[in-house]
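Residue numbers (this note's numbering), protein chains in the order written: chain A, 1 to 409; chain B, 410 to 818. We put the CB at the ideal spot given by N, CA and C, even for glycine. Written below as structure tokens is the structure these notes are about.
There are 2 protein chains.
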Amino acid sequence: MQTLWDYRYAHRTQKMKGSAIREMLAFSEIKDVISFAGGMPAPEIFPIEKFREACDKVLRENGAECLQYGSTDGYLPLREMIARHACRYGINVTAENILPTSGSQQALDLIGRIFINRGDSILVESPTYLGALQAWNTYGAEFIPVPFDQDGMRTDKLEERLRAGIKFIYVLPNFQNPTGVTLSYERRLQLIELAEKYGVPIIEDDPYGQLRYEGEHLPAVEVLDSQTRSQESCYSGNVIYLSTFSKTLAPGIRLAWVIAPPEIIQKLILAKQGADLHTSTFNQITAFEVANGGFLNEHVKIIRKVYRERRDVMLDSLAEYMPEGIEWTHPKGGLFLWVTFPKNINTKDFFNKALDKQVAFVPGAPFFAEGGGENTMRLNFSNAKPEMISAGIGRLSEVIKNHLLTRNS
Amino acid sequence: MQTLWDYRYAHRTQKMKGSAIREMLAFSEIKDVISFAGGMPAPEIFPIEKFREACDKVLRENGAECLQYGSTDGYLPLREMIARHACRYGINVTAENILPTSGSQQALDLIGRIFINRGDSILVESPTYLGALQAWNTYGAEFIPVPFDQDGMRTDKLEERLRAGIKFIYVLPNFQNPTGVTLSYERRLQLIELAEKYGVPIIEDDPYGQLRYEGEHLPAVEVLDSQTRSQESCYSGNVIYLSTFSKTLAPGIRLAWVIAPPEIIQKLILAKQGADLHTSTFNQITAFEVANGGFLNEHVKIIRKVYRERRDVMLDSLAEYMPEGIEWTHPKGGLFLWVTFPKNINTKDFFNKALDKQVAFVPGAPFFAEGGGENTMRLNFSNAKPEMISAGIGRLSEVIKNHLLTRNS
């Protein structure tokens with residue numbers, strides 16, 4: 001369709017990608033396909049009844065406020081609740097450190113908006129969360145990937161990269177998306193030490209921290225940074241911390257938050273005013289009503305139990321069905337694991353074959369900021385039920401075996 | 410608080426303003442202040458009970474979908490409903506022309522993201538909607554103001570400005586924010602003709618079009634543009650049209666939409682993916698449930714009746730109480746009217762005095778992209794009840810009379 005808009009797109013639209021993976025995800029939602037492709041929570045355990053009661057209550061008691069414009073700063077009781085929750089995990093902040101956002105994706109966007117000038121270098125894990133790359137491409141970021149192993153970002157490779165002049169470091173320390181890997185305690189300390197040495201601040205993205213299925217909780221990078229600076233562990237402000245209700249309550253309400261120094265919160269508020277004015281008042285009040293009074297903690301226990309079983313079924317099925325020469329991570333929490341094939345295999349080559357057999361995955365290459373990773377894939381274990389997981393891994397293994405045979409013949 | 414983030418802000422944060430007016434709005438929400446400052450709908454007529462029933466129904470019948478991630482494209486039945494609604498007003502589009510957004514503010518942001526390069530010139534009414542200026546400042550827009558009178562943008566002043574090389578024209582044709590003025594039929598035609606002559610496309614922002622209290626509905630700029638091009642009035646695609654549920658259902662659910670050619674919708678979807686992944690599934694499904702089946706049209710009749718009375722009370726009170734030499738617009742719809750003082754009066758000078766007398770307004774200057782307008786103010790008539798409006802205008806008139814006396818003595 002020829003219109004007066006033709007040839008008027010901004011230069012930044014050339015960097016707006018994501019359609020390849022979006023199309024793959026769309027395919028994977030076809031009926032009867034067992035999908036390990038998305039990152040969706042298990043809908044069977046959404047607290048639907050609790051939401052129904054909460055909506056009923058807040059609309060009866062507080063309907064006019066729920067449906068009216070709200071302030072960009074967010075709903076104060078929700079911010080206070082999030083601050084109390086953070087304090088329980090050693091992040092010593094108050095409501096003035098909290099900004100509710102329209103999902104974590106918006107938090108990433110607003111951070112890009114207030115910090116990234118065209119050409120700025122951002123240090124990222126390799127692979128890293130695709131949504132961060134998408135958000136920051138808009139602002140012209142350059143990504144400097146740091147190699148990664150089973151203990152997370154390789155901090156021994158960090159220093160040479162920090163010398164290059166880095167705007168900030170982006171890290172997902174717990175059960176990282178896409179790999180499921182956790183940054184070890186020692187590396188958290190090394191990361192803080194090097195960041196301090198080169199004066200580079202950190203964005204800590206922690207959507208899955210509550211979803212640990214084995215081992216001990218590790219202190220947040222933010223907590224360790226604050227501890228190294230003061231005996232009272234006052235919030236140091238060098239680490240901006242992100243988390244969300246998407247994995248613990250429900251992603252459909254689009255509600256997440258940023259923890260940052262008050263000065264940065266004020267800048268984020270100005271940016272948010274231009275971006276979407278404010279996050280839905282109704283959703284903030286309802287989420288507060290659902291989460292408050294201990295429900296969130298109880299509900300997270302159910303999620304952990306359900307996802308631990310699914311993870312175990314996926315690990316067992318991989319061990320049982322997968323041909324030799326293929327490796328995968330053993331996540332201690334979260335929603336994903338990561339499969340690595342021999343170097344000469346490109347997982348995209350059998351994506352369609354897998355779909356023909358009604359099973360879907362996500363090829364790993366898009367998660368690498370600067371290319372590579374063609375021999376990897378991400379598998380989600382939170383969405384499908386256990387019997388579907390073992391059936392799906394069975395099908396996928398058959399596809400892979402056939403692919404390997406065809407290639408070798 | 411000294412942190413590693415200091416001196417790391419992006420250049421664009423220098424253009425992020427809005428705190429002055431935000432602080433004024435915050436003041437005006439103090440208890441017992443009669444506020445004409447904000448742009449809030451009347452909470453007494455929010456369809457709270459209808460929302461309560463809708464939430465109950467959609468969570469019972471469709472809870473898992475409501476709370477799950479959704480596609481960036483938006484909820485298809487909602488898009489289809491919006492398309493049908495647009496067709497009734499002569500905008501002949503289908504669901505593929507519709508993108509639901511997290512409020513109209515997000516629509517403005519996404520449009521800036523895909524079209525505005527640093528330094529691009531955008532033609533705006535003078536004064537214009539502050540939110541558009543905020544959204545597009547982020548992307549480095551330069552604003553070219555077009556003078557304005559009681560018939561809207563002065564199209565006789567348009568041509569000289571169009572010669573300058575303009576990215577697009579931004580217009581609010583119906584009951585404009587902040588002035589309440591409507592672009593006349595003749596000027597709509599002139600606008601289209603000149604836009605076509607210079608090959609410049611148009612953004613038509615129409616949040617209040619449904620809220621007309623007198624006179625005949627005027628066809629949208631989009632409709633007139635399409636009619637001049639084809640006998641069947643196929644959607645021409647030269648006008649991107651924005652509207653919202655904020656003024657007809659409730660602003661607290663943050664739900665608006667863009668109407669554009671499918672190619673542009675696809676670009677907006679990619680931009681939205683990076684901005685907030687998708688608009689709340691729950692809010693989209695609930696709003697569909699509330700609005701569908703004729704409720705929206707019936708509810709808008711109630712809003713019109715209530716706001717028409719409030720507008721009339723405000724106009725009558727202004728006529729009764731205001732000293733001579735002061736003029737105001739007579740809006741045929743919408744939420745606002747606009748007051749103009751003699752050139753030597755600065756309305757900011759008596760903002761605090763008004764607040765002392767427990768009445769609030771918004772000074773007009775921030776609505777001018779390139780300065781001026783110190784002698785103007787915006788008054789909102791939708792939020793306060795009729796008896797409060799007449800009391801508030803009485804108080805405000807006293808403040809103004811005293812201010813004029815003090816100045817002259």
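Looking at the structure shown, is B:Thr422 part of a helix, part of a strand, or coil, going by DSSP? helix
Straight-line gap, A:Glu370 to A:Glu398 (C-alpha atoms, nearest Å): 31 Å
Leaving out five residues before and five after A:Ser19 in sequence, what residues of the same chain have Cβ atoms less than 7 Å from its Cβ? The predicted position of A:Ser19 is uncertain, since its pLDDT is 49 and thus under 50; no value can be drawn from it.
Which residue comes first and which comes last in the beta strand (DSSP E) that contains B:Arg787? 785-789
Can you find a CB in chain A that lies within less than 8 Å of the CB of B:Asn417? The sequence given here places Arg at residue 417 of chain B; Asn does not occur at that position. Output row for B:Arg417: interface = yes.
Of all the CB atoms in chain B, is at least one closer than 8 Å to the CB of A:Phe51? yes
Between the stretch 351-369 of chain A and the stretch 224-237 of chain A, do at least 3 Cβ pairs fall closer than 8 Å? no
Nearest-angstrom Cα distance between B:Leu600 and B:Gly702? 36 Å
Mind checking whether A:Leu162 and A:Val200 have CB atoms under 8 Å apart? yes
Along the chain, which unbroken stretches of the beta strand (DSSP E) at least 3 residues long are found entirely within the stretch 143-174 of chain A? 168-171
Output, in chain order, the set of chain A residues within a Cβ distance shorter than 7 Å of B:Arg475. Here the sequence assigns Cys to residue 475 of chain B, which means Arg is not the residue at that position. Near B:Cys475 (Cβ distances below 7 Å), the residues of chain A are Gly252.
Rounded to a whole number of angstroms, what is the C-alpha to C-alpha distance between A:Phe168 and A:Ala107? 15 Å
Short CB-CB distance (under 8 Å) between B:Ser428 and chain A: Unreliable placement is indicated for B:Ser428, whose pLDDT of 49 sits below 50; the coordinate value is still reported in the next sentence. Closer than 8 Å to some Cβ of chain A, the Cβ of B:Ser428 qualifies, so yes.
Neighbouring residues, chain A, relative to B:Gln515 (Cβ below 7 Å): Ala275, Asp276
Going by DSSP, what residue range makes up the alpha helix (DSSP H) through B:Asp685? 671-685
Taking Cβ positions only, does B:Asp465 come closer than 8 Å to chain A? yes
CB of A:Leu59 within 8 Å of CB of B:Arg461, strictly: yes
Quick check on B:Asp725: does DSSP put it in helix, strand or coil? helix
Using only the alpha-carbon positions, how far apart do B:Val768 and A:Gln227 sit? 49 Å
Does the structure place the stretch 209-225 of chain A close enough to the stretch 73-84 of chain A that three or more beta carbon pairs sit under 8 Å? no
I'd like to confirm the pairing. Which residues does DSSP put opposite A:Tyr241 in its beta bridges? A:Glu204, A:Ile259
Report the neighbours of A:His11 on chain B: residues whose CB is nearer than 7 Å to its CB, in chain order. Asn526
B:Ser428 - DSSP class collapsed to helix/strand/coil: Low local confidence applies: a pLDDT of 49 at B:Ser428 is under 50, so the model's placement there is unreliable, with the coordinate-based value given in what follows. Helix.
Beta-carbon contacts of A:Met40 that lie in its chain and below 8 Å, excluding the five residues immediately before and after: Pro251, Asn380, Ser382, Asn383
Please list, in chain order, the residues of the stretch 595-614 of chain B that have any C-beta partner in chain C closer than 9 Å. Of the protein chains in this structure, namely A and B, none is chain C.
Limits of the beta strand (DSSP E) - the one that A:Val124 falls within: 121-125
Please classify A:Ile202 as buried or exposed, where buried requires at least 16 other C-beta atoms within 10 Å of its C-beta. buried
Leaving out five residues before and five after A:Asp109 in sequence, what residues of the same chain have Cβ atoms less than 6 Å from its Cβ? Ala135
Is there contact between the stretch 556-569 of chain B and the stretch 580-592 of chain B, where contact requires at least three CB pairs shorter than 8 Å? yes
Quick one: what does DSSP say B:Ile443 is sitting in, helix, strand or coil? strand
When burial is assigned at 16 or more other CB atoms within 10 Å of the CB, is A:Cys55 buried or exposed? buried
Quick check on the DSSP output: the beta strand (DSSP E) that includes B:Leu746 runs from which residue to which? 745-749
Tell me which residue opens and which closes the alpha helix (DSSP H) that B:Ile823 is part of. The question about residue 823 of chain B has no answer, for chain B in this structure spans 410 to 818.
Looking only at its chain, what residues have a beta carbon closer than 6 Å to the beta carbon of B:Ala419, apart from the 5 residues adjacent to it on each side? none
Partner residues on chain B for A:Ser236, Cβ-Cβ distance less than 8 Å: Thr412
Do you know offhand how far A:Ser317's Cα is from A:Glu327's? 13 Å
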